[in-house]
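The block underneath contains the structure these notes are about, expressed in structure tokens.
Number of protein chains: 2
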Amino acid sequence: MTWVAEAAGSAYGVHNLPYGVFRSAGRSPRIGVRVGDFVLDLDGAEAAGLVLAGDALRQPTLNAFLALGRAQWTTVRTRIVELLTAEEHRAAVQPLLVPLDQVELVLPFEVGDYVDFYSSEHHASNVGQIFRPGGQSLLPNWRHLPVGYHGRAGTVVASGTPVVRPMGQRNTPDGPVYGPSTRLDIEAEVGFVVGVPSPLGGRVGVDDFAAHVFGVVLLNDWSARDIQAWEYQPLGPFLGKSFCTSISPWVVPLEALADAWVPAPAQEPAVLDYLRDVPHLGLDLRLTVDWNGTRVSEPPFAGMYWTPAQQLAHLTVNGAALRTGDLYASGTVSGPRRDQVGSFLELTWGGAEKVLLADGSTRTFLADGDTVTIGATAPGPDGTTVGLGEVVGTIAPARPD
Amino acid sequence: MTWVAEAAGSAYGVHNLPYGVFRSAGRSPRIGVRVGDFVLDLDGAEAAGLVLAGDALRQPTLNAFLALGRAQWTTVRTRIVELLTAEEHRAAVQPLLVPLDQVELVLPFEVGDYVDFYSSEHHASNVGQIFRPGGQSLLPNWRHLPVGYHGRAGTVVASGTPVVRPMGQRNTPDGPVYGPSTRLDIEAEVGFVVGVPSPLGGRVGVDDFAAHVFGVVLLNDWSARDIQAWEYQPLGPFLGKSFCTSISPWVVPLEALADAWVPAPAQEPAVLDYLRDVPHLGLDLRLTVDWNGTRVSEPPFAGMYWTPAQQLAHLTVNGAALRTGDLYASGTVSGPRRDQVGSFLELTWGGAEKVLLADGSTRTFLADGDTVTIGATAPGPDGTTVGLGEVVGTIAPARPD
Numbered sequence: 001m002t003w004v005a006e007a008a009g010s011a012y013g014v015h016n017l018p019y020g021v022f023r024s025a026g027r028s029p030r031i032g033v034r035v036g037d038f039v040l041d042l043d044g045a046e047a048a049g050l051v052l053a054g055d056a057l058r059q060p061t062l063n064a065f066l067a068l069g070r071a072q073w074t075t076v077r078t079r080i081v082e083l084l085t086a087e088e089h090r091a092a093v094q095p096l097l098v099p100l101d102q103v104e105l106v107l108p109f110e111v112g113d114y115v116d117f118y119s120s121e122h123h124a125s126n127v128g129q130i131f132r133p134g135g136q137s138l139l140p141n142w143r144h145l146p147v148g149y150h151g152r153a154g155t156v157v158a159s160g161t162p163v164v165r166p167m168g169q170r171n172t173p174d175g176p177v178y179g180p181s182t183r184l185d186i187e188a189e190v191g192f193v194v195g196v197p198s199p200l201g202g203r204v205g206v207d208d209f210a211a212h213v214f215g216v217v218l219l220n221d222w223s224a225r226d227i228q229a230w231e232y233q234p235l236g237p238f239l240g241k242s243f244c245t246s247i248s249p250w251v252v253p254l255e256a257l258a259d260a261w262v263p264a265p266a267q268e269p270a271v272l273d274y275l276r277d278v279p280h281l282g283l284d285l286r287l288t289v290d291w292n293g294t295r296v297s298e299p300p301f302a303g304m305y306w307t308p309a310q311q312l313a314h315l316t317v318n319g320a321a322l323r324t325g326d327l328y329a330s331g332t333v334s335g336p337r338r339d340q341v342g343s344f345l346e347l348t349w350g351g352a353e354k355v356l357l358a359d360g361s362t363r364t365f366l367a368d369g370d371t372v373t374i375g376a377t378a379p380g381p382d383g384t385t386v387g388l389g390e391v392v393g394t395i396a397p398a399r400p401d
Numbered sequence: 001m002t003w004v005a006e007a008a009g010s011a012y013g014v015h016n017l018p019y020g021v022f023r024s025a026g027r028s029p030r031i032g033v034r035v036g037d038f039v040l041d042l043d044g045a046e047a048a049g050l051v052l053a054g055d056a057l058r059q060p061t062l063n064a065f066l067a068l069g070r071a072q073w074t075t076v077r078t079r080i081v082e083l084l085t086a087e088e089h090r091a092a093v094q095p096l097l098v099p100l101d102q103v104e105l106v107l108p109f110e111v112g113d114y115v116d117f118y119s120s121e122h123h124a125s126n127v128g129q130i131f132r133p134g135g136q137s138l139l140p141n142w143r144h145l146p147v148g149y150h151g152r153a154g155t156v157v158a159s160g161t162p163v164v165r166p167m168g169q170r171n172t173p174d175g176p177v178y179g180p181s182t183r184l185d186i187e188a189e190v191g192f193v194v195g196v197p198s199p200l201g202g203r204v205g206v207d208d209f210a211a212h213v214f215g216v217v218l219l220n221d222w223s224a225r226d227i228q229a230w231e232y233q234p235l236g237p238f239l240g241k242s243f244c245t246s247i248s249p250w251v252v253p254l255e256a257l258a259d260a261w262v263p264a265p266a267q268e269p270a271v272l273d274y275l276r277d278v279p280h281l282g283l284d285l286r287l288t289v290d291w292n293g294t295r296v297s298e299p300p301f302a303g304m305y306w307t308p309a310q311q312l313a314h315l316t317v318n319g320a321a322l323r324t325g326d327l328y329a330s331g332t333v334s335g336p337r338r339d340q341v342g343s344f345l346e347l348t349w350g351g352a353e354k355v356l357l358a359d360g361s362t363r364t365f366l367a368d369g370d371t372v373t374i375g376a377t378a379p380g381p382d383g384t385t386v387g388l389g390e391v392v393g394t395i396a397p398a399r400p401d
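Chains as they are written, first to last, in the UniProt record's numbering: chain A, 1 to 401; chain B, 1 to 401.
So, in structure tokens, the structure goes:
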């Protein structure tokens, strides 16, 4: 039990301990770990010799710490638990606890490459039916490999960053026009943060997932459906996605999710050997999507067809190098039911069915001023809950000029 | 006239002065500028106070220098020309000239995001005919916007880096199989290097190209056509490209290409306002492609349908931020004739027609051990020629394990 009384029973107790980067009291960004509704200042803790990580905790981003690898991640975590549970450390550590409401949380790591997968069967087949009515809902490759593509790493931002409605080109019956996107959407996703790099020409197999991946964030891959629909053939999504991708401020380490692994859906037909993960496990993360405060969906991550280990093995099978800070996302998390989908495209079935919000207003796609909050929890040890924080964004009006 | 006698008449005279990063005599990487067959050590020059750029030339990559912006780029260039032409500087500068054959040239800048366009009408329609026989050779969006997508920044490498044949998944009549790519190809391209960043939510218009772009590299976007053909729907190329993208070691500044601008092909239908560049200019870069020493193609960059300024305006129209080190490439440069194409897919028309090399052997796609060299020149001032260096790669065998 932690001596941080307020953390007892919290989804952010010492069984969780997610890492982030915060600013407070006008100081420059520092690494911290969340415990209850406090941030433990790890920069201060390392400066005081309370935890030792070769100054990796005294940096403005998590990258140096992410690069240390699993043995040192575990050592640091074990020490932090010790600091927060042994009464003898209380006097030294208590002054390093900063109330969460006194900090600003910033982007926790510098993103290397950003890859987005498309691994929910329900999402892929919904999108197929909406965009290609009468056609195949799943394309022939979908069950053979985790379809994915590269997004724009430079526009991955911290939760809370305003999402400026993108300008762009869309097609109309009278030809292409330029203007603010009229079909602005979300994609509720889970992101995996790479710590340990791999060399060019090498490969990271399904069994090496935990040696390279440090932890998990929530991710909103904001999407302009009108821009995307016009631009995406034949090279895939580009400007319909690259204006903004938001991530949650807390990177939840894999150690905190040890009790959240569950059997992933059976795969039929059988996958090629390099994608065969035994055991074949997904993460039981339970997402929530709130639209201006109205809970509109609860996407279940456990039902994803492709697992995080398979995604990583596929991503590197061609010899692509990994860098510390690489981020790969699951793709939109959608379950089988309409109240489990991770995009408004699906929730409104292509904009055809309105959603009623608690204030009595209705929506198809996002209006200026709308706020979307994606949260998640996972089962922790001994009946506890692990919180994954939230990724929040509010739509700012387009800037036409 | 430069006092570096060997540089007179060279495509790397003081009218060119491309920047790179080199290693020599066991020392760590330093910034240099090429003059004739020498590298002028700019790290040494700044250390000696011969050129001043706030220590931006004393870094292991060009990024800090790229971030300085056009006014300082011009100041530094003017000063380097002075150092290399005024006899009074000879005694101080000559010791800083390192023969090119004594240096190793490394990746000149840390790549931010890497975007690849698809801006040659001949290439796009050739690929359309090869991949979609009987269908439209150009898709409906192609003349309305410069189609592009994000590639993997972390696998952009320096010229000379071995290109390991990728393993991966391809489809066969008997279903998907895993193995070394059997259709390994090149894409001869021109890359544009962003110096000055732009804020998220802002836009860089067609007229602001020269305020943000520092210069030009040659680029080979190595492509595994079998992997690409199976994976690319609906989200675009992924592993078929992400194993390796090579760039030339010398970044040729826009100043050196001032005489290379020529009218770009007329665009019909007219483009939307945000893409209208007046004057509508392309660069008269004359590329060469050598396959094991046999010249197989001379792609003309001047014929590209979309201009570099239009590509940049499109890339940022949705508010996407630019970072120093962002790299965007033209897409495969192909002219109208078969001996002007920038890929072997086109040269062999999908692998149907063999190419005869000078040693009497024939090829469709790349064999292990093959070397491809892409070079280019441009017209310089007063009848001179500007050399863009070369991007070279040799195919190493796949690593099956």
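Glycine included, every Cβ here is placed at the ideal spot set by N, Cα and C. These numbers were taken from a predicted model, which means no experiment stands behind them.
>> What does the Cβ neighbour count give for proline 108 of chain A, buried or exposed, with the cut at 16 atoms within 10 Å?
In response: Numbered from its first residue, the first sequence carries residue 108 of chain A at position 108. Proline 108 of chain A should be labelled buried.
>> For alanine 188 of chain A and glycine 342 of chain A, which I take to be in contact (beta-carbon distance under 8 Å), what is that distance rounded to the nearest angstrom?
In response: Working through the first sequence from its first residue, we reach residue 188 of chain A at position 188. Working through the first sequence from its first residue, we reach residue 342 of chain A at position 342. Beta-carbon to beta-carbon, alanine 188 of chain A and glycine 342 of chain A are separated by about 4 Å, close enough to satisfy the 8 Å threshold.
>> Give me, in chain order, the residues of the same chain whose beta-carbon lies closer than 8 Å to that of glycine 202 of chain B; leave out the 5 immediate sequence neighbours on both sides.
In response: On the second sequence, residue 202 of chain B is found 202 positions in, with the first residue counted as 1. The answer, listed in chain order, is Thr316, Gly319, Ala321.
> Applying the criterion that 16 or more other CB atoms from any shown protein chain within 10 Å of the CB defines a buried residue, is proline 29 of chain B buried or exposed?
Replying inline: Residue mapping note: residue 29 of chain B aligns to position 29 of the second sequence, counting from 1. Proline 29 of chain B is buried by the Cβ-count criterion.
>> Can you tell me where the alpha helix (DSSP H) holding glutamine 129 of chain B begins and where it ends?
In response: Within the second sequence, numbered from 1, the residue matching residue 129 of chain B stands at position 129. In the DSSP annotation of this structure, the continuous segment of the alpha helix (DSSP H) that includes glutamine 129 of chain B starts and ends at 121 to 131.
>> Strictly under 8 Å for the Cβ-Cβ distance: is glutamate 189 of chain B near chain A by that measure?
In response: By one-based count along the second sequence, residue 189 of chain B stands at place 189. No - not a single Cβ of chain A is within 8 Å of the one on glutamate 189 of chain B.
>> What does the Cβ neighbour count give for glutamate 87 of chain B, buried or exposed, with the cut at 16 atoms within 10 Å?
In response: Your numbering for residue 87 of chain B matches position 87 in the second sequence. Classification for glutamate 87 of chain B: exposed.
> Listing by chain order, which chain A residues have their CB less than 8 Å from the CB of aspartate 273 of chain B?
Replying inline: As a first step, residue 273 of chain B must be located in the second sequence, where it is residue number 273. Those within 8 Å of aspartate 273 of chain B in chain A are Tyr178.
> Taking any Cβ of chain A, which residues in the stretch 120 to 148 of chain B have a Cβ under 7 Å from it, in chain order?
Replying inline: Going along the stretch 120 to 148 of chain B in chain order, one finds Leu139, Asn141, His144, Leu145, Val147, Gly148 with a Cβ nearer than 7 Å to chain A.
> Residues in its own chain within less than 6 Å of glutamine 59 of chain B by CB, not counting five upstream and five downstream?
Replying inline: Taking the second sequence and counting its residues from 1, the one referred to as residue 59 of chain B is at position 59. Cβ neighbours of glutamine 59 of chain B beyond the five flanking positions: none.
> Leaving out five residues before and five after leucine 218 of chain B in sequence, what residues of the same chain have Cβ atoms less than 6 Å from its Cβ?
Replying inline: What you label residue 218 of chain B is simply residue 218 of the second sequence in a count that begins at 1. These residues qualify, in order along the chain: Ser248, Ile374, Ala376, Leu388, Val391.
> Out of B/Gly112, B/Gly179, B/Arg183, which has the shortest C-alpha to C-alpha gap to tyrosine 274 of chain A?
Replying inline: Taking the first sequence and counting its residues from 1, one reaches residue 274 of chain A at position 274. Of the listed residues, the one whose Cα sits closest to tyrosine 274 of chain A is B/Gly179.
> Counting only beta-carbon atoms, is valine 157 of chain A nearer than 8 Å to chain B?
Replying inline: Counted from its first residue, the first sequence places residue 157 of chain A at position 157. Output row for valine 157 of chain A: interface = yes.
> Which term fits methionine 1 of chain B, buried or exposed, when burial requires 16 or more other beta carbons within 10 angstroms of its beta carbon?
Replying inline: Translated into positions along the second sequence, residue 1 of chain B becomes position 1. With fewer than 16 Cβ atoms within 10 Å of its Cβ, methionine 1 of chain B is classed as exposed.
> Hey, how far is the Cα of proline 199 of chain A from the Cα of tryptophan 3 of chain A?
Replying inline: By one-based count along the first sequence, residue 199 of chain A stands at place 199. By one-based count along the first sequence, residue 3 of chain A stands at place 3. Cα to Cα, proline 199 of chain A sits roughly 43 Å from tryptophan 3 of chain A.
> If you compare alpha carbons, which of B/Gly351, B/Ile31, B/Tyr232 is closest to valine 106 of chain B?
Replying inline: As a working mapping, residue 106 of chain B is identified with position 106 in the second sequence. It is B/Ile31 whose Cα lies nearest to the Cα of valine 106 of chain B.
> Looking at C-alpha atoms only, which residue of A/Thr385, A/Gly393, A/Pro336, A/Pro397 is the closest neighbour of glycine 13 of chain A?
Replying inline: By one-based count along the first sequence, residue 13 of chain A stands at place 13. Among A/Thr385, A/Gly393, A/Pro336, A/Pro397, the Cα nearest to that of glycine 13 of chain A belongs to A/Thr385.
>> If you measure between the beta carbons of serine 242 of chain B and arginine 143 of chain B, is that distance less than 8 Å?
In response: Stepping through the second sequence from its first residue, residue 242 of chain B is reached at position 242. Stepping through the second sequence from its first residue, residue 143 of chain B is reached at position 143. Cβ atoms of serine 242 of chain B and arginine 143 of chain B: not closer than 8 Å.
> Which whole runs of the beta strand (DSSP E) in the stretch 168 to 214 of chain A are 3 residues long or more, in chain order?
Replying inline: When DSSP assignments are scanned along the stretch 168 to 214 of chain A, the uninterrupted stretches of beta strand (DSSP E) that are 3 or more residues long and fall wholly within it turn out to be 177 to 180, 188 to 194.
>> Closer than 7 Å between beta carbons: that is the criterion. Which residues of the stretch 300 to 313 of chain A meet it against chain B?
In response: Answer set for the stretch 300 to 313 of chain A: empty.
>> Just verifying my parser: in three-state terms, what is the DSSP assignment at alanine 320 of chain A?
In response: Looking up residue 320 of chain A in the first sequence gives position 320. The answer is coil: DSSP assigns alanine 320 of chain A none of H, G, I, E or B.
> From alanine 8 of chain B to valine 39 of chain B, what distance separates their C-alpha atoms?
Replying inline: The residue labelled residue 8 of chain B in the question sits at position 8 within the second sequence. The residue labelled residue 39 of chain B in the question sits at position 39 within the second sequence. Roughly 15 Å between the two C-alpha positions.
> Under a Cβ-count criterion, where at least 16 other Cβ atoms within 10 Å of its own Cβ denotes burial, should leucine 285 of chain A be classed as buried or exposed?
Replying inline: For the purposes of this step, residue 285 of chain A is taken as residue 285 along the first sequence, with counting starting at 1. Looking at its Cβ environment, which holds 16 or more other Cβ atoms inside 10 Å, leucine 285 of chain A is buried.
> chain B partners of tyrosine 118 of chain A, CB-CB under 7 Å?
Replying inline: In the first sequence, residue 118 of chain A corresponds to position 118, counting from 1. Leu235, listed in chain order.
> Sorted by chain position, which residues of the same chain lie with C-beta nearer than 6 Å to proline 176 of chain B's C-beta, five sequence neighbours on each side aside?
Replying inline: Residue 176 of chain B sits at position 176 when you count from the first residue of the second sequence. For proline 176 of chain B, where only same-chain residues beyond five positions count, the Cβ hits under 6 Å are Gln169.
> How many Å lie between alanine 5 of chain B and methionine 167 of chain A at the Cα?
Replying inline: Counted from its first residue, the second sequence places residue 5 of chain B at position 5. Counted from its first residue, the first sequence places residue 167 of chain A at position 167. So the alpha carbons of these two residues sit roughly 53 Å apart.
> Among B/Ile186, B/Ser181, B/Val216, B/Arg183, which one has its Cα closest to the Cα of phenylalanine 192 of chain B?
Replying inline: Counted from its first residue, the second sequence places residue 192 of chain B at position 192. Among B/Ile186, B/Ser181, B/Val216, B/Arg183, the Cα nearest to that of phenylalanine 192 of chain B is on B/Val216.
> With C-beta atoms as the reference, is tyrosine 118 of chain A less than 8 Å away from histidine 150 of chain A?
Replying inline: Numbered from 1 along the first sequence, position 118 holds the residue referred to as residue 118 of chain A. Numbered from 1 along the first sequence, position 150 holds the residue referred to as residue 150 of chain A. Contact annotation: tyrosine 118 of chain A and histidine 150 of chain A have beta-carbon atoms that are not nearer than 8 Å.
> Going straight from the alpha carbon of proline 18 of chain B to that of valine 251 of chain B, what length do you get?
Replying inline: Sequence index remark: in the second sequence, residue 18 of chain B carries index 18 (1-based). Sequence index remark: in the second sequence, residue 251 of chain B carries index 251 (1-based). Those two C-alpha atoms are separated by around 5 Å.
>> Run through the DSSP bridge pairs and tell me what phenylalanine 85 of chain B is partnered with.
In response: One-based indexing of the second sequence puts residue 85 of chain B at position 85. In the sequence as displayed, the identity of residue 85 of chain B is threonine instead of phenylalanine. For threonine 85 of chain B, no pairing in a beta bridge is given by DSSP.
> According to a CB-to-CB cut-off of less than 8 Å, which residues of the stretch 317 to 330 of chain B neighbour chain A?
Replying inline: Val317, Asn318, Gly319, Ala320, Ala321, Leu322, Arg323, Asp326
> alanine 153 of chain B versus chain A: which residues are under 8 Å apart at the beta carbon?
Replying inline: For this step, residue 153 of chain B is matched to residue 153 along the second sequence. Residues of chain A passing the Cβ test: Gly112, Asp113, Ala153.
> Cα separation between residue 402 of chain B and proline 397 of chain A?
Replying inline: Beyond the ends of chain B as shown, which are 1 and 401, falls residue 402 of chain B; an answer cannot be given.
> Which residues in chain B sit within 8 Å of isoleucine 31 of chain A, going by Cβ to Cβ distance?
Replying inline: Taking the first residue of the first sequence as position 1, residue 31 of chain A is located at position 31. Going along chain B, no residue has its Cβ under 8 Å from isoleucine 31 of chain A, so there is no contact; the nearest lies around 23 Å.
> Along chain A, which residues have their Cβ under 7 Å away from the Cβ of glutamine 267 of chain B?
Replying inline: Taking the first residue of the second sequence as 1, we reach residue 267 of chain B at position 267. Here the premise fails: no neighbours, minimum Cβ distance about 13 Å.
>> Just to confirm the assignment, what range does the alpha helix (DSSP H) spanning aspartate 226 of chain A have?
In response: Counting from 1 along the first sequence, the entry for residue 226 of chain A is found at position 226. Aspartate 226 of chain A -> alpha helix (DSSP H) spans 225 to 231.
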